[in-house]
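The structure appears below as structure tokens.
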Amino acid sequence: MFMKFKLRELKKLVPDWQRLAGESGYQHNGQHLGKHTEEVINEVLGNGQYAKLPPDYQEIVVLAAFFHDMGKPTGKIAGPVSRLINHEEKSGQIAGLELKKLGIPAETIRRVRLLIKHDNLMSEYGRRKLHGEKYSEVLPSTVANHFKYDEWLLTALLILNKADVIAAGRGSGSLGRWGKIRPWVNEYFLKCLKETK
503 MFMKFKLREL KKLVPDWQRL AGESGYQHNG QHLGKHTEEV INEVLGNGQY AKLPPDYQEI
563 VVLAAFFHDM GKPTGKIAGP VSRLINHEEK SGQIAGLELK KLGIPAETIR RVRLLIKHDN
623 LMSEYGRRKL HGEKYSEVLP STVANHFKYD EWLLTALLIL NKADVIAAGR GSGSLGRWGK
683 IRPWVNEYFL KCLKETK
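In the working numbering, each residue's number is its place in the sequence shown (first place is 1) plus 502.
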């Protein structure tokens, strides 16, 4: 189990963490990815719903938070850094390879990768609806099916999405971003959860 007290060990074992945590850990928007990742993990751990998850799901969401942006390009603070919109695929691949090396069970790896793959699903739904853009909705029934109708895993996704939006907002100065999209994100999450019943 790589819970909070073992994250320090995980950071030493994952080579990409050194890139994210170092002086070349800045992404396209000037945010430092290592600091952002730390903030996402702290938001996950401080979320009241996290404490209600079974221990194996707590581990899954913390691991997903640790790896969720691992595939993003980085560089020095004022240097040019490309933007990889669909970084989730690469982040999931890195998580899968590294967790397999560490002997993490295949089912845990599958769930971690699933959370990473859907890293922005609920928050994107909220942001697009908030901005009035036409949004071709991913049906809640499709999401529930991808998550094998596992309400704990869907709850872990909501926790991760919320933590990521709050931490990103803190880094960009938009602290109220989660508050603006929360009603739509919660509405979408409840629709997905309803499909698990």
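Ideal placement from N, C-alpha and C gives every residue a C-beta, glycine not left out.
- The beta-carbon separation of Ser593 and Asp571, rounded to 6 Å, stays under the 8 Å limit for a contact.
- With contacts defined by Cβ atoms closer than 8 Å, Cys694 and Val645 form a contacting pair.
- Secondary structure note for Phe649: it is in no alpha helix (DSSP H), with a DSSP letter that is neither H nor E.
- Looking only at Ala523, Asp518, Ser625, Tyr690, the smallest Cα-Cα distance to Ala665 is reached by Ser625.
- In the structure shown, the three-state DSSP call for His538 is helix.
- Taking Asn622 as reference, the option from Ala658, Lys650, Gln520 with the minimal CA-CA separation is Ala658.
- Sixteen is the threshold: since fewer than 16 other Cβ atoms of the shown chains lie within 10 Å of the Cβ of Ile579, the residue is exposed.
- In the structure shown, Gly532 adopts coil according to DSSP, grouped into three states.
- Gly577 is a Cβ neighbour of Ser526, given a cutoff of 8 Å.
- The Cβ atoms of Phe568 and Ile543 lie closer than 8 Å to each other.
- Beta-bridge pairing by DSSP links Gly577 to Tyr528.
- For the set Phe691, Leu535, Ser643, the Cα lying nearest the Cα of Leu656 is the one of Phe691.
- Put simply, the backbone Cα of Tyr552 is about 22 Å away from that of Gly536.
- For Ala669, same chain residues with a beta-carbon under 6 Å away, outside a window of 5 residues either side, are His538, Glu541, Val542, Glu545 in chain order.
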